[in-house]
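Residue numbers (the numbering used here), protein chains in the order written: chain A, 6 to 434; chain B, 151 to 469.
Just below is one structure, and these are the notes that go with it.
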Amino acid sequence: MSPRKLLLLVVVLLTLGALYVIQDEKQFPTKYGLDIQGGMHLVLEAKDTEKIKVTPEVMQSVIAVVRNRVDATGVNEPVIQRKGDRQVVVELAGVKDPDAARELLGKTAHLTFWELPAGVQAPMTASGSQPAWVKTPLDGAMLTEAKAEPSPQGGWQIAIKFNSEGAKLFGEISSRNVGKPVAIRLDDTEVSAPRIEGPILGGSAQITGSFDAKSAQMLAVQLKAGSLPVPLEEVETRTVGPTLGQDTVKASVTAGIIGFALVALFMLAYYRLPGLVADISLAIYAVLVFAIFKLIPVTLTVPGIAGFILSIGMAVDANVLIFERTKEELKNGRGLYSAIEIGFKRAFTSIFDSNSTTLLTCAILYYFGSGLVRGFALTLAIGVIVSLFTAITVSRALLHALLEGGGKGLKSPVYFGVKLPETATKKAS
Amino acid sequence: MATNENIQTEKHALDVMGHKGLWFGVSIAILIPCIIAIAICFQRFGAPVKLGIDFTGGTLMEVTFDQPEKIEAVRGVFEKQAIEPHITAATDEKTFSIRTPYLDKDKSLSLKEDLRKVGSFNEPHFRLESVGPTIGKELLRNAAMALGFGILGILLYITFRYQFDFALSAIIAMVHDGVIMLGTFAIFSLVLGAEADGLLVVAILTIMGFSVHDTIVIFDRFRENLKFAKKGDTFGQIANASVNQTLARSINTSLTLVLTLLPLVILGGHTIFFFTLTMLIGVVIGAYSSIFNAGPILVLLRERGNKPNGAQTAAKTTA
């Protein structure tokens, strides 16, 4: 098999493979950005406290806590990334209750247990002033489990379980406080102060208070996910309803198909036979790029789709360059095959240099941009790289295959959109 | 090389180099209103275009009620909290865009609750964007950095692959395109109230990249023709021939881009309308500057650079 035929076979196999990837939504799902499927994009910033300054180690634990809480909401494939020195980017696609998720992520939820000093019996003194509660060493970090459950009194409560250290501490605290209350505080708010009826040694307890199903659930998640070492503040929020983006996508896809058809028609009308070849390469290009988007996977956003459509227009550029060069050579009286070869060869340096600058721009956009800008840069860059392959290698192989298989009829320069002077026609044929 | 046999007598469709003044004049005629618009924007908004919340920080809410509602009712919700909103209503009086200074989480959530009291709306249609002021500054800084590094990178690349004055000419043509795109957007800001977001930066940088892409193809032809230049060929003649030889390609490539962008502008929806429209304008301007500015500027630089036989020196150094 000649190298050219082998290449053609590779192209056919690649295209079939890509088509398989495209139609198989289960194994290779298309990843849509938040602007398309709806969802929430949050940037949270860690704030220094008097005791704790934000360091890389602190940020690590902040991210771990945020991740735990996000996981508890059951959102699929969340994005949780550190950005800069003290920011966390959270992207939740298709989240149903964005307001609740916002509430959940930023809460510090530091659970502490407080007891009364020895000798003091009740939290309220006769004069009505608060007695000094004393903080015990037991805190939320020693929890192994927290879950919301209906309380026997009606309403909801949170059942908690401690690790061995916590169980031991809780045993000691409950033993020395029988008949006295123990206060449970979340951050700086007292959630409840149940009276201890007897020593609790198993390491299990309930937090009661005025909870409904939702708030109990949320507190349980916060407790189980641990407490944030420093407070987080929202600095950027974007929530997009799903219907908004889907309308845009439908419109963009229609626009893309129309754009593709217009370009294809133009190429066919202007460049004839090579135009047809360029159109086939372009179709293969679109199929390959889309398959790559699904394989990597690239998150498709509205500007990302625009970048993809724009890259169709740019992908044709290489073919335009080559065919213009081929036409020039044909006009100068060169034979068909050598004109094509020279066309491909001479066009290469300009294709290489011009696409390098586009890739350079993409790299800079990707580096400095975030979110949507990155999506655009990435899709455009993939498009440029794939177009180098399809516009040069694939269209060359196709053109030769057509000329070899098409018999004598196709070999006239007329099919290349060239009108030849009498003398040159003789030379060319 | 057959094409270079008679470069001095070759007839060309366009005498690009001979009418340098005309092309520069056209560019200046387009640049002037753009620069005026940018200046007015600077005076009015303190920036070359009206900046959206992406840059300034702020909160944008978009709500679609089930029934048409009075804009006064929506405004009242915000004014009750002493917030001065900027509200635009869709013609059906159901959809409202509300822009306010930056609102923190608690405030925006409580305002959303208050909006529910105005009328019922569907959660999936609600859009909220809140950008803190520091994030906006960061984006502005990143945009400036991207622009700076982009220009530097392209300058280095072309200098490395070609020569410094090639790079300089391409960059001047590219900056020309950037200023016109920014100026066009400034006019949109003044006339249509368009606000710049991160996508405008993307559009301008992409088109600047495309402009250079286009220029390089023409310069590649310069480089090739210079190699085969004969004694007596002036740099201007070579440049003229090169531009003409690549003219069909320049036009066709820009045309295919216009063909792909035009449907996006018409059908793409309002979120990317200004993004695609700015790119469309940029493609046309980029094609113009590549053909009519980049080459003539290079010729001007060579002639000024006291190289009467510029072709020969260039041929030696680039070959």
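Glycine included, every Cβ here is placed at the ideal spot set by N, Cα and C.
Alpha-carbon spacing of residue i relative to residue j, whole angstroms
i: S280/B; j: V93/A; result: 16 Å
i: D40/A; j: A69/A; result: 26 Å
i: L403/A; j: L13/A; result: 7 Å
i: G145/A; j: L97/A; result: 26 Å
i: L370/A; j: L253/B; result: 29 Å
i: V415/B; j: K10/A; result: 41 Å
i: G333/B; j: V434/B; result: 15 Å
i: T384/B; j: N443/B; result: 18 Å
i: D165/B; j: I447/B; result: 14 Å
i: R277/B; j: L47/A; result: 13 Å
i: L19/A; j: V391/A; result: 12 Å
i: D327/B; j: S400/B; result: 16 Å
i: I178/A; j: S66/A; result: 29 Å
i: A288/A; j: A368/A; result: 26 Å
i: K219/A; j: I212/A; result: 15 Å
i: R371/B; j: G380/A; result: 34 Å
i: C184/B; j: E453/B; result: 30 Å
i: A153/A; j: G160/A; result: 11 Å
i: K166/A; j: I201/A; result: 17 Å
i: N81/A; j: D102/A; result: 14 Å
i: L24/A; j: L281/A; result: 21 Å
i: Q251/A; j: A197/B; result: 33 Å
i: G43/A; j: V95/A; result: 14 Å
DSSP state of residue i mapped onto helix, strand, coil
i: G44/A; result: strand
i: S270/B; result: coil
i: E234/B; result: coil
i: S359/A; result: helix
i: Q162/A; result: strand
i: I327/A; result: helix
i: S142/B; result: Look at the range of chain B in this structure, 151 to 469, and you will see that residue 142/B is not part of it.
i: A153/A; result: strand
i: K377/B; result: helix
i: I85/A; result: strand
i: V367/B; result: helix
Residue burial classification, residue i (beta-carbon count within 10 angstroms, cutoff 16)
i: K229/A; result: buried
i: K31/A; result: exposed
i: V139/A; result: exposed
i: I178/B; result: exposed
i: A131/A; result: For A131/A, the pLDDT reaches just 49, beneath the cut-off of 50, and the residue's location in the model is therefore unreliable, although a value from the coordinates is still provided. A131/A should be labelled exposed.
i: H363/B; result: buried
i: N324/A; result: buried
i: N26/A; result: For clarity, residue 26/A is Val in the given sequence; the question names Asn instead. Buried, because 16 or more other Cβ atoms sit within 10 Å of the Cβ of V26/A.
CB contact check: residue i to chain A, cutoff 9 Å
i: H275/B; result: yes
i: L201/B; result: no
i: A152/B; result: Because A152/B carries a pLDDT of 43, less than 50, the predicted location of this residue cannot be relied on, and the following value inherits that uncertainty. For A152/B, the answer is yes, since a Cβ of chain A falls inside 9 Å of its Cβ.
i: D370/B; result: yes
i: L318/B; result: no
i: L164/B; result: no
i: Q395/B; result: yes
i: F314/B; result: no
i: Y438/B; result: no
i: R452/B; result: no
Closest Cα partner of residue i within the set the options
i: L377/A; options: Y25/A, I310/A, E55/A and G79/A; result: I310/A
i: K58/A; options: A283/A, A320/A, P236/A and L21/A; result: P236/A
i: I321/B; options: N292/B, G359/B and L340/B; result: G359/B
i: Q313/B; options: T245/B, F299/B and L376/B; result: L376/B
i: L259/B; options: F228/B, A379/B and H236/B; result: F228/B
i: P34/A; options: F298/A, L49/A, A172/A and D252/A; result: F298/A
i: M201/B; options: I308/B, S339/B, G303/B and A323/B; result: Checking the sequence, you will find Leu at residue 201/B rather than Met. That would be S339/B, whose Cα lies nearest to the Cα of L201/B.
i: E170/A; options: G159/A, G184/A, L191/A and L143/A; result: L143/A
i: V254/A; options: V95/A, K101/A, V71/A and I314/A; result: I314/A
i: Y37/A; options: E62/A, V84/A and D53/A; result: V84/A
i: H405/A; options: A344/A, S361/A, G388/A and L383/A; result: A344/A
i: L451/B; options: H162/B, A163/B and M167/B; result: M167/B
i: A221/A; options: T354/A, G176/A, F295/A and A114/A; result: A114/A
Minimum Cβ-Cβ distance from residue i to chain B less than 9 Å
i: A131/A; result: Note on A131/A: pLDDT 49, under 50, position unreliable in the model; the coordinate value appears next. Closer than 9 Å: no.
i: I314/A; result: yes
i: I317/A; result: yes
i: A344/A; result: no
i: V321/A; result: yes
i: V245/A; result: yes
Any non-hydrogen atom of the ligand HEM closer than 8 Å to residue i Cβ
i: L412/B; result: Looking for the ligand HEM in the displayed structure turns up nothing, as the structure carries no ligands at all.
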